[in-house]
Amino acid sequence: MISRQFLTFVLYVAASSASMADDVDFHEGIFVVNEDWYGHQNSTVNYLLPDDPGGNYWHYRVFQEANPGHELGCTNQYGAIWNGRFYFIAKQDKDPGASVAGGRITVADAETMKILYQNTIIDPSGAQCDGRGFVGIDEHKGYISTSNGVWIFDLDNFEVKGRIEGTSNPNAGDDTPNTNPAGSLYYGQSGTMLLADGKVFVCHQQSGILVIDAASDKLVSHISMDIVSDGAGIGSIVKAADGSLWASVAQDTHGTGSSLPLLLRIDPHTLATETVPVTEGMFGPANSWYAWTPDAFVASSQSNVLYWKGGMNRWFAGSQIYKFDCDTRETSLFVDLETEGANWKVYGCSLGVHPDTDEVYMSLYHEFSTPTYITRRYSPEGEAICDYPMIDNYWFPSMFVFPQAKNTSAVADISVSETSIKLSGKLLSLKNASGSTLEIYSATGACVLRYAINTDFFEQSLALPAGIYIIKAGNSIRKFRI
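Here's what the structure looks like:
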């Protein structure tokens, strides 16, 4: 049997010799968006091919390699692939130690990584406004969350169209530098967003969860975290495989990083909420508003489970990874890195679930002062599959971004009657469905079909991107893959 130490050595040698190749297939692997070394250089993107037959697992700084002379902005925490494009959102446009100015907004072709657009500002007025996250609404529009509100982004013309009313930071307006976490912009930020049931759910540090109608760009509701606990704040929000939303709970709104051992379940259609405690003796998801990052709080798209890191050490808790079953409401310890004795910890928010294999990936490090990182791959049962050592650098990884499927055009044949829905050969029985609405949602929350069920027979073929979809009709909900 090959020892783990020997395998790690072999992987390290392969990783050390890896370089960017012209024929890298950006459909096959996993992107890792890195904060990189603040004060020295702009943010970077690495690309992992976890099953490369030649052991050429890592391709480093692929954005710079594809775009000589161009770089991302400073502390680029967020990346998302939407309709064939890669949207990068950075806090500032240029690191103090960098020689090249990047952008707060950068858009690249997801298949080639070639730059399509870059802008140093988000607020067209030039006012202080640092980037946070991105969510795609449809082929024409996306939203960008910032330290001062949620902004509408025209995807056709690469133009910021304005801020959604009611989402701004009520503390904005002082002259504190935007790189100073003690400034007022760090007390009413907008962070993680997701699209569900035609609405965008926005984590707002001070207000809780803002609910925006994605068609009209209007704030239509808001969920205060006071319903969970007096003075509580929002951490982050994820969407489970069954379509339900789950929010993590911060102890307060001050960005201390402390979490409560609770989750808030939200029905995206009715906005009904339910407070669900985590199993006694375990921690809720850690959160980070101070020097904001997306949280290490993620959902599987295949199994109805959530994963997060948590512990007593607030922002820097990184040894315990928990797994939560949305059906049984049970929390279990998925991985305890402390028991391994190698002093590995998960860095920041760098935790992800592969949408196809359901495997869990995490970036591990030792200490802030040590430039030694690996990415580790786990089975859904918590068994370590492989380590991918990296060349020495202060990467400070942010988030995993899983690419779109290479076959982006699949056909789903749909037929609907009063009693059943047949989709690509899969049958969903219906009861008393007449008068209800058939809705099909992509994994991003976009509604791809809405049809009022009546006595007429309905049949249609849809060309859809390959992936996971949720079908809802009356009280029936089912997940399927095409």
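This note's numbering puts the first residue of the sequence shown at 31, with every later residue one more than the last. Ideal placement from N, C-alpha and C gives every residue a C-beta, glycine not left out.
Practice prompt. Rank 238, 418, 293 by C-alpha distance to the C-alpha of residue 76 and give the top, closest one.
Written response: Residue numbering aside, residue 76 sits at position 46 when the sequence shown is read from its first letter. Nearest option by C-alpha distance: 418.
Discussion item. Let me check understanding here. Comparing Cα to Cα, which of 241, 332, 63, 507 lies closest to residue 194?
Written reply: On the sequence shown, residue 194 is found 164 positions in, with the first residue counted as 1. Answer by Cα proximity: 241.
Fill in: Three-state secondary structure (DSSP) of residue 366
By 1-based counting over the sequence shown, the position of residue 366 is 336. In the displayed model, residue 366 falls within a strand according to three-state DSSP.
Worksheet item: In the structure shown, what three-state DSSP assignment does residue 264 receive?
Response: Mapped onto the sequence shown, residue 264 falls at position 234. The answer is strand: DSSP assigns residue 264 an E or B state.
Discussion item. In this structure, how does DSSP classify residue 417 when only helix, strand and coil are distinguished?
Written reply: Residue mapping note: residue 417 aligns to position 387 of the sequence shown, counting from 1. Looking at residue 417 - three-state DSSP - the assignment turns out to be strand.
Fill in: Inter-residue CB distance, residue 220 and residue 232 (contact presumed, cutoff 8 angstroms)
The sequence position of residue 220 within the sequence shown is 190, counting from 1. The sequence position of residue 232 within the sequence shown is 202, counting from 1. The C-beta separation of residue 220 from residue 232 comes to about 5 angstroms, placing the pair in contact by the 8 angstroms criterion.
Worksheet item: Nearest-angstrom Cα distance between residue 268 and residue 296?
Response: Locating residue 268 in the sequence shown gives position 238, counting from the first residue. Locating residue 296 in the sequence shown gives position 266, counting from the first residue. Computed Cα separation, rounded: 10 angstroms.
Discussion item. Please return the same chain residues whose Cβ sits closer than 7 angstroms to the Cβ of residue 199, not counting the five positions on each side in sequence.
Written reply: As a position in the sequence shown, residue 199 is number 169, starting the count at 1. Contacts found: 177, 178, 179, 215, 218, 219.
Practice prompt. Please work out which residues of its chain come closer than 8 angstroms, Cβ to Cβ, to residue 411, disregarding the five sequence neighbours upstream and downstream, and give them in chain order.
Written response: Here residue 411 refers to the residue found at position 381 of the sequence shown. Nothing listed; no residue qualifies.
Discussion item. Using 9 angstroms as the threshold, is the C-beta distance between residue 104 and residue 138 below it?
Written reply: Position 74 of the sequence shown, counting from 1, holds the residue named residue 104. Position 108 of the sequence shown, counting from 1, holds the residue named residue 138. For residue 104 and residue 138, no; Cβs fall outside 9 angstroms.
Worksheet item: My guess is that residue 266 and residue 324 are in contact by the Cβ rule of under 8 angstroms, so how many angstroms apart are they, rounded?
Response: Counted from its first residue, the sequence shown places residue 266 at position 236. Counted from its first residue, the sequence shown places residue 324 at position 294. Residue 266 to residue 324, Cβ: 7 angstroms. Contact.
Item to complete: Find the nearest neighbour of residue 118 within the set 314, 397, 63, judged by alpha-carbon distance.
Response: Along the sequence shown, one-based indexing puts residue 118 at 88. Considering only 314, 397, 63, the residue with the shortest C-alpha distance to residue 118 is 63.
Practice prompt. Can you give me the start and stop residues for the alpha helix (DSSP H) that residue 101 sits inside?
Written response: Against the sequence shown, residue 101 aligns to sequence position 71. Residue 101 -> no alpha helix (DSSP H), and no H or E assigned at all.
Fill in: Buried versus exposed call for residue 413 [16 or more other C-beta atoms within 10 Å across all chains shown]
In the sequence shown, the residue the question calls residue 413 occupies position 383. Under this definition residue 413 is an exposed residue.
Fill in: Own chain partners of residue 356 with C-beta closer than 6 angstroms, once the 5 adjacent residues on each side are dropped
For the purposes of this step, residue 356 is identified with residue 326 of the sequence shown, where counting begins at 1. So the list reads 270, 334, once near-sequence residues are dropped.
Item to complete: Specify the secondary structure class of residue 68 as computed by DSSP and reduced to three states.
Response: Numbered from 1 along the sequence shown, position 38 holds the residue referred to as residue 68. In the structure shown, residue 68 falls within a coil segment according to DSSP collapsed to helix, strand and coil.
Worksheet item: Nearest-angstrom Cα distance between residue 332 and residue 509?
Response: Mapped onto the sequence shown, residue 332 falls at position 302. Mapped onto the sequence shown, residue 509 falls at position 479. Approximately 8 angstroms, taken between the alpha carbons.
Worksheet item: From this set, 393, 389, 97, 388, which residue's C-alpha is nearest residue 367's C-alpha?
Response: Looking up residue 367 in the sequence shown gives position 337. Nearest Cα to residue 367 within the set 393, 389, 97, 388: 393.
Discussion item. Is it buried or exposed, residue 300, if we count other Cβ atoms within 10 angstroms and call 16 or more buried?
Written reply: Position 270 of the sequence shown, counting from 1, holds the residue named residue 300. Label assigned to residue 300: exposed.
Item to complete: Note the first and the last residue of the continuous beta strand (DSSP E) segment covering residue 382.
Response: Counting from one through the sequence shown, the residue named residue 382 turns up at place 352. Note, residue 382: beta strand (DSSP E), 375–383.
Practice prompt. List the residues that DSSP assigns as beta-bridge partners of residue 190.
Written response: The residue labelled residue 190 in the question sits at position 160 within the sequence shown. Its beta-bridge partners are 183.
Fill in: Three-way DSSP call (helix, strand, coil) for residue 151 in this model
In the sequence shown, counting from the first residue as 1, residue 151 sits at position 121. It is coil, neither helix nor strand.
Worksheet entry | Rounded separation between residue 85 and residue 375 - CA only | Stepping through the sequence shown from its first residue, residue 85 is reached at position 55. Stepping through the sequence shown from its first residue, residue 375 is reached at position 345. Going by the C-alpha atoms only, they are around 25 angstroms apart.
Item to complete: Quick one: grab the DSSP three-state call for residue 167.
Response: Translated into the one-based positions of the sequence shown, residue 167 becomes position 137. When DSSP states are grouped into helix, strand and coil, residue 167 belongs to the coil group.
Worksheet item: Can you name, in chain order, every residue of its own chain whose Cβ lies under 6 angstroms from the Cβ of residue 51, other than the five neighbours on each side?
Response: Residue 51 sits at position 21 when you count from the first residue of the sequence shown. At residue 51, the pLDDT of 42 sits below 50, so the modelled position is not reliable; the number obtained from the coordinates is stated separately. Taken in chain order, the list of residues that qualify is empty.
Item to complete: Would you identify the three-state DSSP class for residue 308, choosing helix, strand or coil?
Response: Here residue 308 is taken as the residue at index 278 of the sequence shown, counted from 1. Coil, per DSSP.
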